[in-house]
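What follows is a short report on a single structure.
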Amino acid sequence: MNLENKVAIVTGGAMGNGYGIAEVFLKLGANVIILDYSDKLGEALNKLSAISKNILGYKVDITNKELVDKIIDDIYNRFKKIDILINNAGVCKLAKFEDMTDEIRDFHLNINIKGTWNVTKAVYNYMKKDNYGKIVNLSSVTGPKVADSGEVAYATSKAALIGFTKSLAMEGVNYNITVNAILPGYIMTPMVEGIAKDSDINNPDNIIKGIADGIPMKRLGTIEELGNLAAFLASDMSNYITGSEFVIDGGSTLPETKSVGV
């Protein structure tokens, strides 16, 4: 794969899946711009600059539409194009439905849906103008494929991104813009580590091991593996693919049941 001289925006790229995507893209020759609200953004940029100097970052809350518009305008004026958008930024807080406050619900909807909408809307106008673009939305197997207790808000937001992907893909074909979705299962990220600590603060490693034992491949995925899939969908090797969902979960959604089989 080759992303030489491509201009790629990665939201939530300061850690986890977004960091893995940024790292892979830099190795493939892309100019990468990270949009992230985390205080770890500076540290991430320093580490990534050891791979390539073609890295830039903006600290931004993607729910702030006016600021997002201004930053996207700045990026386009600087690079004269935006080839790739990876909508990776997302949040997850577990709570039983009866205990879930409106604030927790809106926390998911505002970032996972509205934030993705804001960045995409700003970038899409430039891609449409240039008659080229690759948009990749990070959904999840949670919501579209499976769900556990406590994930109602998260699952709802991630399922919504599938409808967003498919509908926008239908419009994007008229302007040589492809729109696809990646549905990760368990990838070793700070989000997963946080869930493990919330489940058992004394033995989070046992939670991770329990998760791995339930995956046919017996391990969690790596951020680099997810980055490779994102790179394929962001490259011209995927030009005839749009409106599609790509599961990367080590086979965790394959078993029909845990109690039947030979």
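Under the working numbering, residues 22 to 283 are what the sequence shown spells out, in order.
Ideal Cβ placement from N, Cα and C applies to all residues, glycine included.
As the structure is a computational prediction, the values presented were derived from the model and not from experiment.
* Let me know the secondary structure DSSP gives Gly136 once reduced to three states. => The count along the sequence shown starts at 1 and reaches residue 136 at position 115. Gly136 falls in the helix class under three-state DSSP.
* Look up Asp142 in the DSSP assignment and say whether it is helix, strand or coil. => Position 121 of the sequence shown, counting from 1, holds the residue named residue 142. Strictly speaking, residue 142 in this sequence is Lys, with Asp absent from that position. In the displayed model, Lys142 falls within a helix according to three-state DSSP.
* Asked: With a CB to CB cut of under 8 Å and the five nearest residues on each side skipped, what residues in its chain are close to His129?
  -> Counting from 1 along the sequence shown, the entry for residue 129 is found at position 108. If we look at His129 and ignore the five residues flanking it on each side, its Cβ neighbours are Val112, Cys113, Lys114, Ala174, Tyr175, Thr177, Ser178.
* To do: Kindly indicate which three-state DSSP category Asn167 falls into: helix, strand or coil?
  => In the sequence shown, counting from the first residue as 1, residue 167 sits at position 146. At residue 167 the sequence reads Val, which differs from the Asn that was named. Val167 sits in a strand when the DSSP states are folded into three classes.
* **Continuous alpha helix (DSSP H) stretch holding Glu266: start and end** => As a first step, residue 266 must be located in the sequence shown, where it is residue number 245. For Glu266, no alpha helix (DSSP H) run applies; the uninterrupted beta strand (DSSP E) run containing it begins and ends at 266-269, by DSSP.
* Any idea if Thr278 is buried or exposed, counting beta-carbon neighbours within 10 angstroms, 16 or more meaning buried? -> By 1-based counting over the sequence shown, the position of residue 278 is 257. Exposed is the call here.
* **Cβ pair Ala168, Gly136 closer than 8 Å** => Numbered from 1 along the sequence shown, position 147 holds the residue referred to as residue 168. Numbered from 1 along the sequence shown, position 115 holds the residue referred to as residue 136. No, they are not a contact pair.
* **Same chain, Cβ closer than 6 Å to Met36, neighbours up to 5 away in sequence not counted** => As a first step, residue 36 is located in the sequence shown; it is residue number 15 there, counting from the start. Excluding sequence neighbours, Met36 sits near Lys61, Pro211.
* Asked: Residue range of the alpha helix (DSSP H) that Pro205 falls in?
  -> Here residue 205 refers to the residue found at position 184 when the sequence shown is read from its first residue. Taken as a continuous stretch (DSSP letters only), Pro205 belongs to no alpha helix (DSSP H), being part of the beta strand (DSSP E) at 198-205.
* **Member of Gly50, Ala29, Thr199, Leu66 whose CA lies at the smallest distance from the CA of Lys101** => The residue labelled residue 101 in the question sits at position 80 within the sequence shown. Answer by Cα proximity: Ala29.
* To do: Use the C-beta contact count for Ile222: other C-beta atoms within 10 angstroms, 16 or more gives buried, fewer gives exposed.
  => For the purposes of this step, residue 222 is taken as the residue at position 201 of the sequence shown. Looking at its Cβ environment, which holds fewer than 16 other Cβ atoms inside 10 Å, Ile222 is exposed.
* Quick one: what's got a C-beta closer than 7 Å to Met238's C-beta in the same chain, skipping five residues either side? -> Here residue 238 is taken as the residue at index 217 of the sequence shown, counted from 1. Cβ neighbours of Met238 beyond the five flanking positions: Gly271, Gly272.
* To do: Whole angstroms is fine: what's the gap from Thr32's alpha carbon to Leu106's?
  => Position 11 of the sequence shown holds residue 32. Position 85 of the sequence shown holds residue 106. So the two alpha carbons sit approximately 8 Å from each other.
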